[in-house]
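Under the working numbering, the residues of the sequence shown are numbered 58 to 714, in order. No residue lacks a Cβ here, since even glycine has one placed at the ideal position from N, Cα and C. Nothing here was measured: the structure is a model prediction, and the numbers come from that model.
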Amino acid sequence: MADNSIHKTAFRTRYGSYEYLVMPFGLTNAQATFQAEMNHVLRPLLDECVVVYLDDILIYTRDMKQHVEHLRRVFEILRRERFYVKLSKSEFALEKVQFLGHMVSAQGVHVDPKKIEAVRTWKTPENVKELQQFLGFANSYNRFVPQYAKLAAPLTNLLKKNTPYKWEPKHQEAVEQLKQALTSAPVLILPDPERDYVIEADASDQAVGAVLMQDQGNGLQPIAYLSKKLHGAELNYPIHDKEALAIVIAFKAWRCYLEGRRTTVYTDHCSLKYLKTQPNLSRRQVRWIDFLETHFHYDIVYKPGHKNKADALSRPAHVAAILIEGMNPLLKGLFTHGGTLLLKEYHDVLYAGHFDTNKTLTGIAKHYYWPHLAEDVQNFVTSCDTCQRMKSSKKKKAGLLEPLPVPQQAWQVVSLDFITGLPPTTSGHDAILVVIDKFSKMGHFIPTHTTARTEETAQLFVRYIISQHGIPTTLISDRDPKITSKIWKELMSLLGTKLAMSSAYHSQTDGQTEHLNQIVEQLLRAAYKDEISKWDLHLPVLEFAYNNATHAATGQTPFFLCYRRHPLTPQKPTTSATVQPAHDFITTMHQLWDRTHKRLLDIQQQQMRQADRHRNDHTITVGDQVLLDTRNLDISHLPSKLRPRFCGPFLVEAQPA
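Now the structure itself:
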């Protein structure tokens with residue numbers, strides 16, 4: 058058992074709890090994992106002299122001398138890999154052997170006599186469940202029975218939805234015919250990969266059928282039978298396409314035999330002789346011909362229906378189907394040399410260093426090669442759990458920029474933040490409450506102190522913002538305790554203002570205020586480097602300087618966008634001003650705001666394009682497993698230089714609306 062899977066096998070008894078240290082049967086993935094391991098261990102001998110299914114190993118050879126040699130090779134592999142064979146369950150030098158419900162011999166494959174006896178003594182099904190069991194057993198041997206679907210049709214009709222289970226003489230007759238067919242089933246020869254194949258295919262209104270045959274010196278003998286019911290749109294195909302579909306289905310079913318060998322296809326539909334040369338083809342026919350021509354060497358020969366063995370296989374109306382779904386386990390690093398796991402040895406161990414793909418690939422390529430080496434190394438390194446947790450991410454950040462909506466007018470949407478860590482003034486102020494309008498970019502710098510309660514901050518907001526500009530529709534802020542408090546939320550609810558919080562540890566959400574904070578700090582450093590204890594007295598002057606400066610985003614000063622005039626300054630020459638009519642003032646004001654809104658949208662699009670160049674359009678969805686950045690987590694018990702960069706994984710359970 059893998060170390061990280063042992064706890065999953067825990068079970069409780071009256072004597073305590075236990076865990077499996079070796080893999081038992083009965084676990085969900087036990088059979089698939091064991092089969093994959095056996096295939097891996099015996100891979101050098103598979104299809105050369107060995108067939109393996111779980112713990113059944115079949116060794117086949119042409120003579121006794123070869124048989125002994127093959128046995129020796131198998132035993133050496135099993136001993137090296139520490140698999141043990143029980144002598145009492147082993148048989149040697151057999152001319153025919155029972156294997157997976159079949160009897161295999163030099164003559165071919167036929168039904169196991171024990172299974173034939175079970176069919177012969179099977180009692181009459183008395184309900185749907187028993188009928189399903191009988192048909193399931195019989196269907197597992199349908200490749201031995203010509204016209205199987207036709208014989209089973211009365212029974213499969215009983216399994217239709219909303220069909221009452223009423224046993225009639227025709228059903229009993231069908232059971233007896235199936236028993237007779239199974240007890241007298243022909244021997245299917247084993248395919249000879251060095252000889253050419255023959256397919257006889259045919260179609261009816263409801264189904265298609267085919268027979269795979271080969272001449273091994275005693276005339277054409279069957280290798281397998283195939284029949285399939287047509288569904289949906291297939292039922293509406295013209296007869297020409299149904300006959301062609303029978304050929305395509307046969308080649309798909311027996312592709313493992315037919316690729317690389319010449320195949321002759323017999324059909325009772327004369328026009329199919331010209332399938333490859335006819336000038337006008339439908340898109341469906343083009344796809345079929347492309348599939349056949351790409352993978353197979355074949356000739357289509359016309360053969361009248363009464364001489365075609367597949368004709369009967371295509372006639373039944375209903376065919377029972379069994380779906381077998383194979384498992385495709387994820388095997389990481391199972392490339393070996395002398396029993397050594399190469400990818401692990403060249404990446405995971407201490408002296409390998411957990412280096413990147415290029416360094417790992419270079420190290421392996423000096424001594425080894427296998428197909429898709431570079432791809433395997435890349436997949437292994439990028440999925441390395443240790444690298445993902447311990448190394449800083451060099452990938453682009455996930456998620457494209459999603460900007461906030463641009464407001465239509467001034468003081469509709471405002472941002473709020475605090476500048477802290479300032480030296481205390483003689484008035485006791487050591488912080489600044491910064492409020493900025495997202496449309497005009499006008500800002501207010503309000504002195505306060507870090508110990509101010511939520512009520513005091515609310516009073517400042519009302520005195521300096523609401524009293525001068527009205528109630529905003531939206532307030533954007535980080536997750537400061539004052540803003541997340543119940544009192545502040547109740548105030549915003551009473552005012553009808555939507556409170557929009559930035560994501561935790563993501564100051565970019567309110568990047569505008571963060572940028573303004575830097576500007577305010579620069580102004581303070583430049584203007585009052587010698588009077589650091591009185592900086593709060595000069596904040597109104599700095600606020601005026603900022604609001605009277607042209608903003609790069611709007612192309613106007615915040616003061617002008619709010620009041621449609623520039624303030625008087627000592628440098629501004631005195632001129633005789635004319636008063637603009639009220640109607641004209643309102644019109645020009647709206648025109649100014651419209652131009653500003655369009656300019657802000659253009660600037661926003663430029664910022665999106667610039668930001669998205671360094672980001673990936675990757676969406677995390679519910680059910681994903683993610684690692685969490687540890688920079689903002691309290692894991693102080695670990696040295697900062699050696700702590701993991703990421704922890705987890707964690708399951709995504711919900712997404713923000």
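What separation, rounded to the nearest whole angstrom, lies between the Cα atoms of residue i and residue j?
i, j, result
"residue 708", "residue 448", "21 Å"
"residue 718", "residue 64", "There is simply no residue 718 to check, as the chain begins at 58 and stops at 714 in what is shown."
"residue 616", "residue 495", "13 Å"
"residue 355", "residue 340", "21 Å"
"residue 512", "residue 506", "13 Å"
"residue 135", "residue 98", "8 Å"
"residue 247", "residue 163", "8 Å"
"residue 155", "residue 148", "11 Å"
"residue 270", "residue 112", "31 Å"
"residue 613", "residue 662", "19 Å"
"residue 142", "residue 91", "15 Å"
"residue 435", "residue 401", "13 Å"
"residue 297", "residue 326", "7 Å"
"residue 700", "residue 137", "41 Å"
"residue 165", "residue 679", "54 Å"
"residue 210", "residue 217", "11 Å"
"residue 412", "residue 682", "24 Å"
"residue 404", "residue 433", "12 Å"
"residue 488", "residue 599", "15 Å"
"residue 310", "residue 345", "14 Å"
"residue 578", "residue 476", "8 Å"
"residue 71", "residue 77", "17 Å"
Given a cut-off of 8 Å, decide if residue j and residue i are closer than it, judged by their beta-carbon atoms.
i, j, result
"residue 359", "residue 324", "yes"
"residue 469", "residue 508", "no"
"residue 706", "residue 684", "yes"
"residue 235", "residue 208", "yes"
"residue 267", "residue 256", "yes"
"residue 570", "residue 539", "no"
"residue 497", "residue 619", "yes"
"residue 306", "residue 329", "no"
"residue 500", "residue 491", "yes"
"residue 96", "residue 79", "no"
"residue 245", "residue 279", "yes"
"residue 253", "residue 303", "no"
"residue 653", "residue 621", "no"
"residue 353", "residue 316", "yes"
What residue does the beta strand (DSSP E) around residue i start on, and which one ends it?
i, result
"residue 131", "Where residue 131 is concerned, there is no enclosing beta strand (DSSP E), although the alpha helix (DSSP H) it sits in stretches over 121–137."
"residue 558", "555–558"
"residue 320", "319–324"
"residue 503", "500–505"
According to DSSP, simplified to helix, strand and coil, what is residue i?
i, result
"residue 603", "helix"
"residue 531", "strand"
"residue 256", "strand"
"residue 679", "coil"
"residue 156", "strand"
"residue 441", "coil"
"residue 189", "helix"
"residue 472", "strand"
"residue 69", "strand"
"residue 715", "Lying outside 58 to 714, the shown extent of the chain, residue 715 is not represented and no answer is given."
"residue 269", "strand"
"residue 106", "coil"
"residue 707", "strand"
"residue 434", "helix"
"residue 409", "coil"
What are the boundary residues of the alpha helix (DSSP H) that includes residue i?
i, result
"residue 314", "312–315"
"residue 616", "615–620"
"residue 488", "Here residue 488 belongs to no alpha helix (DSSP H); instead the beta strand (DSSP E) covers 488–494."
"residue 349", "340–352"
"residue 97", "87–98"
"residue 248", "Residue 248 -> no alpha helix (DSSP H), and no H or E assigned at all."
"residue 116", "Run containing residue 116: none in the alpha helix (DSSP H); it sits in the beta strand (DSSP E), 113–116."
"residue 552", "543–552"
"residue 518", "511–518"
"residue 421", "414–422"
Shorter than 7 Å, the distance from the beta carbon of residue i to the closest heavy atom of the ligand SAH, or not?
i, result
"residue 358", "Looking at this structure, you won't find the ligand SAH or any other ligand, since it has none at all."
Self-check item: the segment 231–240 in contact with the segment 283–290 per 3-pair CB rule at 8 Å
Solution: no
Practice problem: Mind the definition here: the segment 221–228 touches the segment 292–299 only if three or more C-beta pairs lie below 8 Å; say whether that holds. | Solution: Verdict: no, contact absent.
Quiz item: Between the segment 81–88 and the segment 115–124, do at least 3 Cβ pairs fall closer than 8 Å?
Solution: No, because fewer than three Cβ pairs between the segment 81–88 and the segment 115–124 fall closer than 8 Å, the two stretches do not touch.
Practice problem: Kindly confirm or deny that the segment 425–433 and the segment 462–482 touch, where touching means at least three C-beta pairs closer than 8 Å. | Solution: Contact between the segment 425–433 and the segment 462–482 is absent, because fewer than three Cβ pairs lie under 8 Å.
Practice problem: Report yes or no: do the segment 548–557 and the segment 481–496 share at least 3 C-beta pairs separated by less than 8 Å? | Solution: The answer is no - the segment 481–496 does not touch the segment 548–557, with fewer than three Cβ pairs under 8 Å.
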